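Presented below is the structure to which this report refers.
In full-length UniProt numbering, the protein residues as written are 1 to 137.
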């Protein structure tokens, strides 16, 4: 850079989420979760539409249109990234984790087994109760 007054400009890789927050004037404002080119997911930031340059505004507009067209529940996962500490974990939509579908399947299988195990223990204890003997055998 030639001058200390110039701000460094970062390139948007993609917009991955949207939320609404109250701005300093008390009005709701859209904020977009931005994945920056050359940076990891833990470096994502929430940006108002006004902070996007013209090229990136198109990415935000396209994301908003896609968001509006979906309007359906999505599954999100709390992801602990390989090589990073637990405090660097982030919430990620399943659509952003296609590359980790095997990890999601393993997680879901384990959740199902844990639920089934807990659920069957509950019912197996219940099945041992009789009207004459309220204590499990």
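The C-beta atom is built at its ideal place from N, Cα and C for all residues, glycine as well. A quick note: this is a predicted structure, and the numbers were derived from the prediction, not measured.
Same chain, Cβ closer than 7 Å to residue i, five either side skipped, listed in chain order
i: residue 10; result: 36
i: residue 34; result: 12, 15, 44, 45 and 47
i: residue 56; result: 12
i: residue 63; result: 15, 18 and 32
Close Cβ partners of residue i (< 8 Å) along its chain, the five nearest in sequence each way excluded
i: residue 81; result: 40, 41, 42, 88, 89 and 90
i: residue 53; result: 9
i: residue 86; result: 80
Beta carbon of residue i nearer than 8 Å to that of residue j
i: residue 44; j: residue 74; result: no
i: residue 77; j: residue 97; result: yes
i: residue 65; j: residue 79; result: no
Cβ distance (whole Å) where residue i is taken to contact residue j below 8 Å
i: residue 143; j: residue 32; result: The chain is shown from 1 up to 137; residue 143 falls before or after that span and cannot be answered.
i: residue 18; j: residue 30; result: 6 Å
Same chain only: Cβ atoms within 6 Å of residue i, ignoring 5 sequence neighbours per side
i: residue 23; result: 29
Original post:
Hey, which unbroken runs of the alpha helix (DSSP H) at 4 residues or more fall wholly within the region 22-91?
Top reply: If one requires a minimum length of 4 residues, the alpha helix (DSSP H) runs lying completely within the region 22-91 are 54-70, in chain order.
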